[in-house]
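Remarks on the structure that follows.
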Ligand code: GAL
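In the working numbering, the protein residues as written are 337 to 1011.
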């Protein structure tokens, strides 16, 4: 048998589940909060709402193993039997995110230590140390018990390992594991000293025991030590995921294994995890107060789809209305809830789930919205949940299909980490902000985008945008440089290719590995005062740039925009080098306001021959998935879209030729004729 066969089987099992049931719909189900009499009612209401997938057991460790080695699984048998009888698939969790109090009391070393050296107490959740062998031993014991007991249960459709991996611990056990990780990375101390640049500030390490995590220190940490600790912490969590996943795969080779990501989460490098997941899953909590929420959501969804190489993914958690963890929790409208879910489907999700099914009456999340609110089923919110089940049923033809993108945005976790390290020229050059800025024009224009690492195979993309890639290896830099050389369009943003993988600054004119391909080179990064700087451009139109500028020289490139102040008058702000094969390499050295960036990105997209599927009025998004053209109006006014072909809406059922009127906060999924 080919070594990848079981993984393929597990991936196929997810596709089969979707093929058999259509798009999946449901949420976290935490039945241990209610007496058993409530469960049949839950299951009946789930069925009535079209729920066909629930995640069970994420935080059930204390109920399953109330004291060490004492098992109480009868209640879970009962819950799974009820769900199986109703035909509801179960994504069964391993409860590793929250160990019961006895583990912390009996084995204090299983609890994490923060940067100040304070050991976390139990009493909340996620207090574990990812390294602790005792914690891992207890985790694996309960995972084994669950795997053995439920391997053949008819409800079992998927495994959900832990929850939102994201802990960083600074204890002595982690310090030891960090040293072992560094030994694997660097071999010896000489190489570590070189990579960390310890000649500065008397940081030379003469013995491994001197090497520690970046615990609280008086002033700035060594930036490479910090970067390596982030890499290590992400790998350590992945290892904790892996040991559980391996055990589950041994028990049930054909059951997909996943865990829930958290979008652009700063503590875990998801690009290094994706091979470990049979299906990518994400938690997305839209902020109703954020005007950029639709764009942010779309970008995050595109990241998730790209992490899984374009395969359908799972929206594992979102909120039906308000969350309880922001300072002031605005509710979400029913319309937004629907449009947001359809957006996720449009961007490649085959499952739409919520936290949680029934709203808690007690505990830390008692004010978090749910699919079944405190007030019960006779509520607007629950009716909206039922309606959503119906919409997802109608969208069944989309299940399993793909989004084809010819534009890529480049993102890399190590680069994000290194670029926002303290002691940098500005703390306003966050890579995710730059990514969203560059994404919005494409998203608004309806150009489909993948979000890829710098080492990705870029051959299928005619436009590659690198909004901000502070750190890049020579190899990845060469990979990106090939884009214009083979006829594509490469657009590079400011503060890019500054550092190498050790986070050392690349000496010489910047962006070091790209000065030739871009035909431009720089000598000074110049953060801007609040007033910004005027930029003159015939092609783009004049604008006032903000945050950042660079002292550049065009060596072999057309200057498309020039600074008119800030000590840079006449110097290039935006350049383009046209390559012999027709490709072009653009360099933008500042942060333009949204409308100007819009024009720049769209000019690059046009040069790459990318066209939107339709002309989108404001607040309307368009994206094609498979044969379906999704049109989403996230605004509060009706909008009209001119359809290029006659088309029938899968959701509303009506056929339209010419103008389609999208009511406020509504979604259409058009099957076009004769395209
Ligand atoms: C997620 C978590 C859930 C729940 C939810 C509330 O981060 O996985 O268990 O706490 O947030 O929004």
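Backbone N, C-alpha and C fix where the C-beta goes; we use that ideal spot for every residue, glycine too.
I need the DSSP call for residue i, collapsed to helix, strand or coil.
i           : result
residue 828 : strand
residue 598 : coil
residue 747 : coil
residue 495 : strand
residue 510 : helix
residue 391 : strand
residue 725 : helix
residue 341 : helix
residue 618 : strand
residue 612 : helix
residue 871 : strand
residue 383 : helix
residue 895 : strand
residue 356 : helix
residue 653 : strand
residue 846 : strand
residue 879 : strand
residue 701 : coil
residue 686 : strand
residue 522 : helix
residue 835 : strand
residue 447 : strand
residue 561 : helix
residue 732 : helix
residue 503 : coil
Determine the direct distance from the alpha carbon of residue j to that of residue i, and round the result to whole angstroms.
i            : j           : result
residue 359  : residue 728 : 6 Å
residue 1001 : residue 675 : 6 Å
residue 629  : residue 936 : 22 Å
residue 757  : residue 770 : 16 Å
residue 579  : residue 396 : 20 Å
residue 887  : residue 500 : 42 Å
residue 915  : residue 826 : 11 Å
residue 486  : residue 882 : 57 Å
residue 472  : residue 571 : 15 Å
residue 627  : residue 442 : 48 Å
residue 809  : residue 608 : 16 Å
residue 576  : residue 984 : 47 Å
residue 425  : residue 919 : 49 Å
residue 861  : residue 762 : 10 Å
residue 1009 : residue 993 : 10 Å
residue 416  : residue 841 : 56 Å
residue 406  : residue 370 : 21 Å
residue 907  : residue 759 : 27 Å
Within this structure, are the beta carbons of residue i and residue j separated by less than 7 Å?
i           : j           : result
residue 736 : residue 354 : yes
residue 698 : residue 346 : no
residue 828 : residue 802 : yes
residue 681 : residue 731 : yes
residue 374 : residue 430 : no
residue 673 : residue 693 : no
residue 958 : residue 946 : no
residue 648 : residue 349 : no
residue 796 : residue 949 : no
residue 561 : residue 554 : no
residue 615 : residue 650 : yes
residue 787 : residue 747 : yes
residue 869 : residue 905 : no
residue 641 : residue 684 : yes
residue 493 : residue 548 : no
residue 552 : residue 452 : yes
Pull the bridge partners of residue i from the DSSP assignment, please.
i           : result
residue 964 : 961, 1007
residue 885 : 862
residue 648 : None; residue 648 has no bridge partner.
residue 922 : 827, 912
residue 694 : 708
residue 969 : 956, 1002
If contacts are defined as beta-carbon pairs under 8 Å, then residue i and residue j qualify, I think. What distance do you get, rounded to the angstrom?
i           : j           : result
residue 738 : residue 962 : 7 Å
residue 932 : residue 879 : 4 Å
residue 875 : residue 896 : 5 Å
residue 466 : residue 505 : 6 Å
residue 514 : residue 568 : 5 Å
residue 804 : residue 767 : 5 Å
residue 381 : residue 713 : 6 Å
residue 812 : residue 851 : Actually they are not in contact, since the Cβ atoms of residue 812 and residue 851 sit about 16 Å apart, beyond 8 Å.
residue 667 : residue 624 : 7 Å
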